[in-house]
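Below is one structure, written out as structure tokens; comments come after it.
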Amino acid sequence: MIRTKIQNVFSHHLQNCTTTTANLYVADYTEQTRLQAIKRATELFDGSPPNDIDYFTVENPLSVEIDGIPFDNRSFTRRNGSPLSQCECAIYPHNNIGGSWILFLELKYSNNEKNNKRNLNKARKQLFKTRYYYKSMGIINKNNTCYLLASMPMQSSPFANISLSQPYLLAMKKKHNIVIRFQNSAKIKDYKIIEL
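All the letters of the sequence shown, read from the start, carry residue numbers 147 to 342 under our numbering.
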């Protein structure tokens, strides 16, 4: 069970965990509040989306109970305490069974399509690193379908100036059980499948 393994290895991740059966909306306020007195970071909203920022949507029409964990610069650290690179959050079924899915999400806020390739390639690296942290600690394994999603909430998908080749996508699924996509929403089908 993913949650139990997180509790055993990264118990601090569950301090800000959101558990819900509703739709989940993910937004990153880091840049928007950078110069403000009160800083905000990645936030998860269950049921109702935020009205002050663009966001990623996780549709949950069958009310599957899910956990969402927002990450910050203390989520994964080196031995000296300095932060490691990671994505915005992880989402997975709360009462999962062997072989359930896990979704890692990275948001990039840019409306300049010329920067898409650079932004989405950086997001992909952050997603792979975060997956590696969980996989290397035994939280997930190859039986867990791992969805690595990069979102650009200020743009409509498909995003301009970047695409992933079909052979690459098929190889990642076959060799590693990884599904990679660049989009702004996903729909939970059940404990084993997310519709993209």
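Using N, Cα and C, we set each Cβ at its ideal position, and we do this for glycine too.
{"Check": "Three CB pairs or more closer than 8 Å across the stretch 157-173 and the stretch 208-219", "Outcome": "yes"}
{"Check": "Buried or exposed (CB count within 10 angstroms, at least 16 for buried), P198", "Outcome": "One detail in the question is off: residue 198 reads as Asp in this sequence, not Pro. The residue in question, D198, is exposed, as its Cβ has fewer than 16 Cβ neighbours within 10 Å."}
{"Check": "Beta-bridge pairing of I334 - partner residues as DSSP gives them", "Outcome": "I340"}
{"Check": "Pairwise C-alpha distance: I326 and K338", "Outcome": "16 Å"}
{"Check": "Beta-carbon proximity of T203 to A236, cut-off 9 Å", "Outcome": "no"}
{"Check": "Three-state class that DSSP yields for F274 in the structure shown", "Outcome": "helix"}
{"Check": "Under 9 Å between C-beta atoms of Y238 and D200", "Outcome": "no"}
{"Check": "CA-to-CA distance, Y293 to Y273, given in whole angstroms", "Outcome": "For the record, residue 273 in the displayed sequence is Leu; it is not Tyr. Taking the straight line from one Cα to the other gives about 9 Å."}
{"Check": "Nearest-angstrom Cβ-Cβ length linking N330 and P299, presumed shorter than 8 Å", "Outcome": "6 Å"}
{"Check": "Rounded Cβ spacing between T176 and A187 (contact assumed at less than 8 Å)", "Outcome": "5 Å"}
{"Check": "Three CB pairs or more closer than 8 Å across the stretch 247-254 and the stretch 277-292", "Outcome": "yes"}
{"Check": "Beta-carbon spacing of L315, Y279 below 9 Å", "Outcome": "no"}
{"Check": "Helix, strand or coil at P196 according to DSSP, with G and I counted as helix", "Outcome": "coil"}
{"Check": "I243 and I152 closer than 9 Å at C-beta", "Outcome": "no"}
{"Check": "Bounding residues of the beta strand (DSSP E) (the contiguous stretch that carries V204)", "Outcome": "F202 to E205"}
{"Check": "Cβ separation of M283 and V155, assumed to be a contact under 8 Å, to the nearest whole Å", "Outcome": "5 Å"}
{"Check": "Rounded C-alpha distance that separates P313 from L181", "Outcome": "43 Å"}
{"Check": "Proximity to I308 [Cα-Cα], best of N241, R264, V172 and N323", "Outcome": "R264"}
{"Check": "Distance, L160 Cα to T150 Cα", "Outcome": "10 Å"}
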